[in-house]
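Protein chains: 4
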Amino acid sequence: MDLSEPCFDVAHLGHVELLTDKPEESLDFFVNVYGLTESGREGDSVYLRAFDDYEFHTLKLTASNTTGMGHVGYRTTSEAALERRVAAIEKMGLGLGWVEGDLGHGRAYRFNSPDGHVFELYWETNRYVPPETERPALKNIAQRYHGRGVTPRRLDHFNLLAVDVAAIREFMPAALGSRITEQIVLDDGTVAGCWFTVNNKSYDVAYTRDATGTRGRFHHITYALDQREHILRAADIFLENGVYIETGPHKHAIQQTFFLYTYEPGGNRIEVSAGGYLIFAPDWEPIVWTQAERAKGQAWGLQTAESFHIRGTPDVPMPAGAHG
Amino acid sequence: MDLSEPCFDVAHLGHVELLTDKPEESLDFFVNVYGLTESGREGDSVYLRAFDDYEFHTLKLTASNTTGMGHVGYRTTSEAALERRVAAIEKMGLGLGWVEGDLGHGRAYRFNSPDGHVFELYWETNRYVPPETERPALKNIAQRYHGRGVTPRRLDHFNLLAVDVAAIREFMPAALGSRITEQIVLDDGTVAGCWFTVNNKSYDVAYTRDATGTRGRFHHITYALDQREHILRAADIFLENGVYIETGPHKHAIQQTFFLYTYEPGGNRIEVSAGGYLIFAPDWEPIVWTQAERAKGQAWGLQTAESFHIRGTPDVPMPAGAHG
Amino acid sequence: MDLSEPCFDVAHLGHVELLTDKPEESLDFFVNVYGLTESGREGDSVYLRAFDDYEFHTLKLTASNTTGMGHVGYRTTSEAALERRVAAIEKMGLGLGWVEGDLGHGRAYRFNSPDGHVFELYWETNRYVPPETERPALKNIAQRYHGRGVTPRRLDHFNLLAVDVAAIREFMPAALGSRITEQIVLDDGTVAGCWFTVNNKSYDVAYTRDATGTRGRFHHITYALDQREHILRAADIFLENGVYIETGPHKHAIQQTFFLYTYEPGGNRIEVSAGGYLIFAPDWEPIVWTQAERAKGQAWGLQTAESFHIRGTPDVPMPAGAHG
Amino acid sequence: MDLSEPCFDVAHLGHVELLTDKPEESLDFFVNVYGLTESGREGDSVYLRAFDDYEFHTLKLTASNTTGMGHVGYRTTSEAALERRVAAIEKMGLGLGWVEGDLGHGRAYRFNSPDGHVFELYWETNRYVPPETERPALKNIAQRYHGRGVTPRRLDHFNLLAVDVAAIREFMPAALGSRITEQIVLDDGTVAGCWFTVNNKSYDVAYTRDATGTRGRFHHITYALDQREHILRAADIFLENGVYIETGPHKHAIQQTFFLYTYEPGGNRIEVSAGGYLIFAPDWEPIVWTQAERAKGQAWGLQTAESFHIRGTPDVPMPAGAHG
């Protein structure tokens, strides 16, 4: 891959499949408290979307005997771009092959991350067409602003845990053409976290080190709201619905997003965020945060909750002597 | 140009040069009320920037005997991309040739829009390096959040008037590789307005029809703030500083941005905005607004101020019988 | 009454009874779009409340063959205070006598304003006790923050039209012990509007001149939200529910409240507001706005909608030649 | 005192005198970062005000060799009310006698709290008259919204530490006619905190237990901003100015205010807050929080910072074995 010019084969993060062992409670949470809308269901999966997601779905919620991420999908910028990416990935030896697609999109090419997470790329998509009851007043929104629960606007990003984040830092630009926007490099050279994007958003995925040394775990998924005040309102809604808030609302030092973390009933961590920044510079230099800088906590001084460094899904016991 | 895939040669809107016949008052407004920061000055020009603009400047304020826009600059994604664009534009017969660049960037290629506005493209830029007193607490911001006046975050977009917007609708994709995101098409087929982008922002430039039939005029420039509440605060700051608010705060139906319009002392229209949406779909279908839909006013019903349809800079008398 | 010290017999505005000739549509609006909660119903009336109103109800919605206000109730600071007020009002010759009270409170003393609006005073109230499903997470809120529709927090104020506002300016301090906080006095001496309060809120009732010369009409009722951003969100909810927004969101010059006006299906004007100020000075000097000052429009320049000056409920035809 | 009716002799909290041993740095903080305005100076004191405080000053900053509170002043509702309060306090045996007043107000009667804090009551005040440069655009604001630094709107409340909060719970209603609005009662019956008000604000003073067992210490003073978003902006301003944020932004469970705590250079704790609620019920029942309820942390789960329980001014060493 020619790194002298940005690569634009991948357009954007498309959807995440989450596994839950409490499918009814999880669905009730996502629809009535978090405020997503059901697009359809098939087999063990329910397809969900935020009101301004333009595709059929951005969350595929699948009943399972475990938790964590089933797979994640990115949409390419064209059919030709999809072919180019597949060729590159096959050379990397991580390919899993084509799958048929589901209710949300056409055929997709699946592959593994070095940590064993399943990714897919697709071009053909099922664009959302709102039924009469969901038609927006303004034609430049995908669906009406229904105002139910937290009502996030769109899928924003997700976060995976990995045993070797440095390996991921090689993998993402090579496989997806992602750019590195921010990273944490500890004093001993360990890459503790890395943030990537394929477009002008400052990140669509974050990878952080798994303190338990387990491969393939999921950290969180995040939908975006428009205003910081909407995150405060979300906190009130979670409070009244008995939903535990792990940390926040507060402002991240990294990425500057205003955040709040909670868990859906299946145990998967869910974030809502607002704000942050866009990256327009084609020659953006990745921000590197040192160990000392991270020790300062979040932007306004909040120390990161201990559970944030340890918990992921599926849940695993913390090894003796390990620490976040 | 191959329209089957998006064109990515141009990275983003870089800067606008505004002409003012009241240079001292204009500078005082931009620095102390609007909240930009001076980066430098040379000749008749002062270079200004918002606190999170990564380049040296995004506004070049030039003393003149007239008002309106001097030129607008876009940055390309690479040197090669710049060459590709120049080749394409020279074929279109609108080229003006290379200029040396100024304090803010390297050599630039200038050309005319069909309406006579001067555009330039450049690759080499002068990245902003904050002096000690402007160093941000968070290293992912370009400059400290100084909190002076309205304190916009970054240059967002600009708006030009044109006699023939349909011609511009052909020009922008051909010259810059811009995508059309929204447009107004009247019952008689006239294109009354058209919004363009070169990246994931839903627009970086809007072109609207000049009701006076004059070529080459400027409508407004807009900086972005992070929150809708910051626009309300801006309104309070303008109010206390005796700055006339032409219309807003309100929410645009087109582009959904939360806006407020005012004038700088030279008479150029200045907007602050927050919100709106991002476009990730590589196959976005332009939104077309009809005459009847526009008659409904802005998102929440505010009718557009009459002056908004007529006034531009430089100022010209409205022809008898003309209407917005 | 001794005007040398503030009078504290009346504690606060308690409730407003609105008449509607579209009771089902009105109820659906207030519960599902505006976001009030039903406390109970009896006869032709449904009792409604905002989530942090401490009394049983603050809105009594009564099916009728007309529209406008049935009556308004204020709660006194004690039983003795109620007796003092009744004695004072009876001397004024405006008394109507005691009524039994309803689901919301104990016996009440009714009387007429000079313009023919029915007021009542009461002391014994029916404090709201939330059912299990409405129990708040924080014990200092009256009811859970349900997040349904606009979700106003509490009743804020109401506005009546009167033929002779100057007469009301005499009446309110004498009858309720209200203080005058702001007023509009036209160049010819006419009192065009007057704002009153019985406590630290800067107003609980506004009286404005009825441009049609009709007695006893209702202008609007207002519930408060906590944040200006919540008013913007309310605008989005009204937009998506097809509810006409008469004017706003904007900031009032008078009282500084951030407002938005709409109509419930029966035609009564409904406001939501946030912000404004509190008055702690016991010797507050009423603010007097001149005709020239009012001509400037609202705080940020929005001109008041023509309908705002004319429409009230019940609806009456505007006399020929009349103007707001 | 007759408790059957609320007592209204005291109108509102008027001002707090803070002592600082770094007077220049403290003044620079309050004016340029916090955003108060200097009204005048005399002797070792500088008088400061928020932009919508109606009196001459609300903060008297006095150079000293120690820190903490010099005294606190409340304004009465009339001269007669002042006399009534003085008579009541003299009977309580806590009176210190009359003082001349200062730049901000007329003669004042001083007395001690049971914990040794100095209070004063006054009626005659020096109403703020803005100089030309500070004249507001809207005549119902005391001073223009200058937008410098955090720009709080008005003094809101203060917090004192006491060895015996139960004694204060007797004292405040008896001395000032304050009402108890919320309190913390531990399992062993200890009153750990108590909130009081003399008007419709839900508190103007909080008293919390001094974990060090020291008498007469000061915990914090708080100015109010209008919006929760303004507190978030304040956090950004503190961040950029190198001002340590002790805790927040977050929402208090008690009083529901959205808060942020910091320290001025002299070491006195300073809060900014927004929101909360008003109490209109004349028969409000104090909210009692149990030990178990307080263990849940703040509204959205943030645990109170350890320093919050221990630090006060003047600073004293924490006794061995003591805990918050």
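Sequences listed follow chains A, B, C and D, in order.
Each residue of the first sequence is one higher than the last, beginning at 34 in my numbering.
Each residue of the second sequence is one higher than the last, beginning at 34 in my numbering.
Each residue of the third sequence is one higher than the last, beginning at 34 in my numbering.
Each residue of the fourth sequence is one higher than the last, beginning at 34 in my numbering.
Glycine included, every Cβ here is placed at the ideal spot set by N, Cα and C.
Bear in mind that the values here come from a model prediction, so they are computed numbers and not experimental data.
Using the C-alpha atoms, what's the distance from residue j back to residue i?
i, j, result
"D/H356", "D/R202", "At D/H356 the pLDDT is 44, less than 50, meaning the model places this residue with poor confidence; the figure from the coordinates comes in the next sentence. If I take the Cα positions, the gap works out to 23 Å."
"C/A239", "C/G226", "7 Å"
"D/L36", "D/I303", "Residue placement at D/L36 cannot be trusted, given a pLDDT of 39 that sits under 50; the coordinates are not used to answer."
"A/M34", "A/A207", "Low confidence applies here, because A/M34 scores a pLDDT of 37, under 50, leaving its location unreliable; read the following figure in that light. Rounded to whole angstroms, A/M34 to A/A207 spans 7 Å at the Cα level."
"A/L94", "B/G47", "42 Å"
"A/S340", "A/E279", "8 Å"
"D/L81", "D/G299", "16 Å"
"A/R140", "A/P347", "28 Å"
"C/P39", "C/A170", "Its pLDDT being 46, under 50, C/P39 is placed unreliably by the model, and nothing is read from it."
"C/G210", "C/R118", "8 Å"
"C/E190", "B/G149", "In the sequence as displayed, the identity of residue 190 of chain C is His instead of Glu. Each residue's Cα considered, the two are about 55 Å apart."
"B/W322", "B/G222", "12 Å"
If residue i sits next to residue j, beta carbons under 8 Å apart, how far is it from one beta carbon to the other, in whole angstroms?
i, j, result
"B/H252", "B/L194", "5 Å"
"A/V66", "A/V305", "11 Å between Cβ atoms; not a contact."
"A/T99", "A/W156", "Between A/W156 and A/T99 the Cβ distance is about 30 Å, and since that is not below 8 Å, they are no contact."
"B/H104", "B/V151", "4 Å"
"B/V198", "B/G246", "Contact flag wrong, Cβ pair sits at about 13 Å."
"A/F204", "B/F41", "Not a contact, Cβ separation roughly 23 Å."
"B/L69", "B/L52", "With 8 Å as the limit, B/L69 and B/L52 do not qualify as a contact, their Cβ atoms being about 17 Å apart."
"C/R261", "B/E318", "No, C/R261 and B/E318 are not in contact; Cβ-Cβ is about 35 Å, not under 8 Å."
Since residue i is in the beta strand (DSSP E), which residue starts that stretch and which ends it?
i, result
"D/S306", "R302 to G308"
"C/F251", "F251 to A257"
"D/L52", "V43 to T53"
"C/E123", "That residue, C/E123, is in no beta strand (DSSP E); its alpha helix (DSSP H) goes E112 to M125."
Got a sec: is the Cβ-Cβ distance from residue i to anything in chain A below 8 Å?
i, result
"D/P282", "yes"
"D/S340", "no"
"B/T110", "yes"
"C/P164", "no"
Contact criterion: CB-CB distance below 8 Å. Does residue i meet it with respect to chain B?
i, result
"D/Q324", "no"
"D/R177", "yes"
"C/A332", "yes"
"C/E262", "yes"
"C/I278", "yes"
"C/L272", "yes"
"D/P319", "no"
Does the CB of residue i have a neighbour CB from chain D at under 8 Å?
i, result
"A/E75", "no"
"B/G182", "yes"
"A/A257", "no"
Cβ of residue i versus every heavy atom of the ligand ADP: is any distance shorter than 7 Å?
i, result
"C/E326", "Here there are no bound small molecules, and the ligand ADP is not part of this structure."
Answer yes or no: does any C-beta atom of chain C fall closer than 8 Å to that of residue i?
i, result
"B/H48", "no"
"A/E153", "no"
"D/Q216", "no"
"D/H45", "yes"
"D/N232", "yes"
"D/N192", "no"
First and last residue of the alpha helix (DSSP H) that includes residue i?
i, result
"C/E273", "R261 to E273"
"D/A207", "V198 to L209"
"C/E88", "Looking at the DSSP string, C/E88 is not in any alpha helix (DSSP H), and its letter there is neither H nor E."
Query raised in the report: Are there three or more Cβ pairs, one per stretch, closer than 8 Å when the region 260–271 of chain B is compared with the region 285–298 of chain B?
Result: yes
Query raised in the report: Using 8 Å as the threshold, is the region 123–143 of chain B in touch with the region 178–192 of chain B, meaning 3 or more CB pairs across them?
Result: no
Query raised in the report: When the Cβ atoms of the region 333–344 of chain B are set against those of the region 81–88 of chain B, are three or more pairs found closer than 8 Å?
Result: No: the two stretches stay apart, fewer than three of their Cβ pairs being nearer than 8 Å.
**Report entry** Inter-stretch contact (C-beta, 8 Å, three-pair minimum) for the region 161–173 of chain D and the region 207–218 of chain D
**Finding:** no
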